[in-house]
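Sequence positions in the sequence shown follow our numbering and run 144 to 470.
One structure below.
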Amino acid sequence: MSYPDQVKNTLGSKACRPDGKFLFLLGLVLVLIFPFFFWSGPGYHSPRSYKAVWNLGHILFFTLATVFACSLAWQRGMKTDQKFVLVLLVTGIVIGILIEVVQLGISGRSVDCRDVYRDILGLFAGLFLCRIIPGPIRLQRLLGLILIIFLLFSGVPLIMALTDEVLAVRQFPLLADFETPFEAWRFMPTNRVRRTALYARHGRHSLRVQLTTATYSGVSLFSFPHNWQGYEQLHFSVYNPYQSELTLYCRIHDKWHKDHGQRYDDRFNQRLRLIPGWNDYRIPLAAVRFAPLQREMDMRAIESFALFVARQDRARVLYVDHIFLSR
Numbered sequence: 144m145s146y147p148d149q150v151k152n153t154l155g156s157k158a159c160r161p162d163g164k165f166l167f168l169l170g171l172v173l174v175l176i177f178p179f180f181f182w183s184g185p186g187y188h189s190p191r192s193y194k195a196v197w198n199l200g201h202i203l204f205f206t207l208a209t210v211f212a213c214s215l216a217w218q219r220g221m222k223t224d225q226k227f228v229l230v231l232l233v234t235g236i237v238i239g240i241l242i243e244v245v246q247l248g249i250s251g252r253s254v255d256c257r258d259v260y261r262d263i264l265g266l267f268a269g270l271f272l273c274r275i276i277p278g279p280i281r282l283q284r285l286l287g288l289i290l291i292i293f294l295l296f297s298g299v300p301l302i303m304a305l306t307d308e309v310l311a312v313r314q315f316p317l318l319a320d321f322e323t324p325f326e327a328w329r330f331m332p333t334n335r336v337r338r339t340a341l342y343a344r345h346g347r348h349s350l351r352v353q354l355t356t357a358t359y360s361g362v363s364l365f366s367f368p369h370n371w372q373g374y375e376q377l378h379f380s381v382y383n384p385y386q387s388e389l390t391l392y393c394r395i396h397d398k399w400h401k402d403h404g405q406r407y408d409d410r411f412n413q414r415l416r417l418i419p420g421w422n423d424y425r426i427p428l429a430a431v432r433f434a435p436l437q438r439e440m441d442m443r444a445i446e447s448f449a450l451f452v453a454r455q456d457r458a459r460v461l462y463v464d465h466i467f468l469s470r
């Protein structure tokens, strides 16, 4: 049996031959989804689960787009043979790359090569739904198994994010103690932090923070329960592995600050002396509340807690541990 005849006799191809009404609705959904590649979406401070779901949207869109293209081809009597599959894949990949290129010129958007990878997964998922993958049955089954594995792997960030977000709520008023695997992921930038057992002030692990020679270099905690109302103190410990003292800066701000210009006098800022070894700090939250010059900080909507150094002459490493609130 030839490949086109094989396609015509599969249940999948019949399932992917909806009537004109369904095809119209599917096309309408694609038109409504497409602008979100360039507009809206999660921001820098958005929950990790929201970012993970948004990224999976690439797979969803290209899966639906592939099903739409195949269904339209069948409705018009076109052959969905190997040539059709190849053209569909190349066209989809080019569109995915162009989407990323266009995002270069849009403020607030960033280019991510992993999005093209997700686009390709969506293309193959759509082809499998329509059962027009060329080749013998054994090869199709193998490719299907590989596709399932990659799709499951793509869902791992969402599972990790949801798991740690639930854990963060249960741990509160403990903000981070690094005794569970995903807690380091609550901090940004993620590429300069990792959980370590080399030093620990409490428990067995701490957070290793890689500092650079940039003007300001440090770490920010974003993923945590944001309502600090009713608590009186913020506690945290920092280990300085060097023989010399360092100056460490602490910054805390709420959602209002982020949305209204981020002025220096509209947040909490404090300089800390960091001596060699462990340093235990305690910051009165009353000082945080009244830190903005022209208002009170909204203690029900704390958005970020950051620790950083300024203008270091060489790269350094610090260790942070046991961040919690107390009454």
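The beta carbon of each residue, even a glycine, is placed where N, CA and C say it ideally should be.
- In the three-state reduction of the DSSP assignment, THR339 falls in the strand class, which pools E and B.
- With fewer than 16 neighbouring CB atoms inside 10 Å of its own CB, SER189 falls in the exposed class.
- Of all C-beta pairs linking the region 263-274 to the region 208-222, three or more are shorter than 8 Å, placing the two stretches in contact.
- Annotation for ILE426: LEU377 place their beta carbon closer than 6 Å to its own, counting only its chain and skipping 5 residues before and after.
- In its chain, beyond the 5 residues on either side, LEU436 have a beta carbon closer than 6 Å to the beta carbon of ASP408.
- Secondary structure at GLN413: strand, using DSSP grouped into helix, strand and coil.
- Under the DSSP assignment, SER189 falls outside any alpha helix (DSSP H); it carries neither an H nor an E label.
- For ALA449, the enclosing beta strand (DSSP E) starts and ends at 445-453.
- The beta carbon of PRO300 is closer than 6 Å to those of ALA195 in its chain, skipping five residues each way along the sequence.
- The Cβ-Cβ distance between LEU389 and LEU461 falls below 9 Å.
- Between the alpha carbons of ASN383 and ARG454 lies a distance of about 17 Å.
- From the listed residues ASP224, LEU391, ARG252 and GLY404, the smallest Cα separation to LEU415 is found for LEU391.
- With a threshold of 16 other beta carbon atoms within 10 Å, GLU446 meets it and is buried.
- DSSP places ARG351 in the uninterrupted beta strand (DSSP E) bounded by 349-354.
- Counted as a single uninterrupted DSSP element, the alpha helix (DSSP H) harbouring SER297 occupies residues 280-297.
- By a beta-carbon distance limit of 8 Å, PHE411 contacts ALA434. Their separation comes to about 4 Å.
- With contacts defined as CB atoms closer than 9 Å, PHE181 and GLN246 qualify as a contacting pair.
- For the region 385-414, the continuous alpha helix (DSSP H) assignments of 4+ residues that do not extend past its boundaries occur at 398-402, in sequence order.
- Beta-bridge analysis with DSSP links VAL381 to ASN422 and VAL463.
- Residues of the same chain with a CB within less than 6 Å of the CB of PHE330, apart from the 5 flanking positions on each side, are VAL336, VAL362 and LEU364 in chain order.
- Of the other Cβ atoms in all chains shown, fewer than 16 fall within 10 Å of the Cβ of PRO419; this residue is therefore exposed.
- Beta-bridge partners assigned by DSSP to PHE330: LEU364.
- Inside the region 224-253, DSSP marks whole alpha helix (DSSP H) runs of 4 or more residues at positions 225-246, from first to last along the chain.
- In terms of CA proximity to MET440, ASP397 leads the group ASP397, LEU417 and GLU326.
- In the structure shown, ALA319 adopts extended strand secondary structure according to DSSP, grouped into three states.
- About 6 Å separates the beta carbon of SER366 from that of ALA311, a gap short enough to meet the 8 Å contact definition.
- Ranked by Cα distance from PHE177, the options GLY248, ILE395 and ILE238 are led by ILE238.
- Under the three-state reduction of DSSP, TYR359 is assigned to strand.
- The C-beta of PRO277 has 16 or more other C-beta atoms within 10 Å across all chains shown, which makes the residue buried.
- Of all alpha-carbon atoms in GLY248, HIS400 and LEU270, the one lying nearest the alpha-carbon of LEU232 is that of LEU270.
- Secondary structure at GLN372: coil, using DSSP grouped into helix, strand and coil.
- LEU436 sits in coil when the DSSP states are folded into three classes, being neither helix nor strand.
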